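**Q** Per our numbering, the sequence shown starts with residue 25, numbered consecutively.
A single structure is presented below for examination.
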Amino acid sequence: MTARHLLILFVVFASVQAKSSIVAPETKVIVSNAKVLLPPPPQSAAAMYMIIENHQDEAITTFAAKSAIADNISLHEMTMENGVMKMRAAKGLTIKPHSSLTLSQGGSHWMLEDLNEPLYEGQKIPVTLCFNGGCQSIKVEVVHPMQNQQQSNGHGHHHHH
Ligand SMILES: [Cu+2]
Numbered sequence: 025m026t027a028r029h030l031l032i033l034f035v036v037f038a039s040v041q042a043k044s045s046i047v048a049p050e051t052k053v054i055v056s057n058a059k060v061l062l063p064p065p066p067q068s069a070a071a072m073y074m075i076i077e078n079h080q081d082e083a084i085t086t087f088a089a090k091s092a093i094a095d096n097i098s099l100h101e102m103t104m105e106n107g108v109m110k111m112r113a114a115k116g117l118t119i120k121p122h123s124s125l126t127l128s129q130g131g132s133h134w135m136l137e138d139l140n141e142p143l144y145e146g147q148k149i150p151v152t153l154c155f156n157g158g159c160q161s162i163k164v165e166v167v168h169p170m171q172n173q174q175q176s177n178g179h180g181h182h183h184h185h
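The following block contains the structure:
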């Protein structure tokens with residue numbers, strides 16, 4: 025058994041644990057608009073964004089993401105240091121009760137590192153997200169960076185000729 029297999033076993037075990045320890049986590053923590061930006065070749069790493077809504081009366085902290093597509097997924101946050109935006113690794117991101125957190129370009133994000141296969145546009149990647157209190161499985165779509173720009177700047181102002 026390789027270290028990789030052990031990791032997969034751990035993920036499966038963690039998600040089984042989560043299901044038994046929390047009542048209907050899907051209805052309390054809602055993840056939407058999850059996407060991975062298609063990285064330029066040679067695809068060494070890819071950024072992942074999403075919106076996480078916390079409908080619980082307690083704060084939640086998101087601290088881990090796992091996927092077969094990448095050997096490592098780390099959490100990065102942007103901080104201002106002497107007037108300069110810097111990216112640094114974060115242990116977790118906390119979402120207050122009944123509020124949401126948007127991970128987006130220029131802000132906090134997940135970074136998929138050591139990709140195991142090439143990503144392609146439209147691909148749906150299964151990802152397990154873990155919070156304090158439980159894990160949940162989501163599907164994340166790979167989008168082209170240009171398409172992501174349009175989505176975030178669009179606001180429905182499309183003109184048809
Ligand atoms: Cu980063």
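Positions of the beta carbon are idealized from the N, C-alpha and C atoms, including for glycine.
These figures come from a predicted structure and were not determined experimentally.
Can you tell me whether Gln-67 is helix, strand or coil according to DSSP?
**A** Reduced to three states, the DSSP call for Gln-67 is coil.
**Q** State yes or no: is the C-beta of Met-74 nearer than 7 Å to some heavy atom of ligand 1?
**A** Met-74: no, Cβ never under 7 Å from ligand 1.
**Q** Run through the DSSP bridge pairs and tell me what Pro-150 is partnered with.
**A** Paired residue(s): Lys-163.
**Q** Quick check: the Cα distance between Asp-81 and Val-166, rounded to an integer number of angstroms?
**A** Between Asp-81 and Val-166, the C-alpha separation is close to 32 Å.
**Q** By DSSP, does Asn-172 sit in helix, in strand, or in coil?
**A** If DSSP states are grouped into helix, strand and coil, Asn-172 belongs with the helices.
**Q** As a quick check of your reading: which residues have a C-beta less than 7 Å from at least one non-hydrogen atom of ligand 1, in chain order?
**A** Going along the chain, the residues that qualify are Ala-71, His-100, Met-111, His-133 and Met-135.
**Q** Verify whether the separation of the beta carbon atoms of Ala-70 and Leu-61 is less than 8 Å.
**A** It is a contact, given that the beta carbons lie within the stated cut-off.
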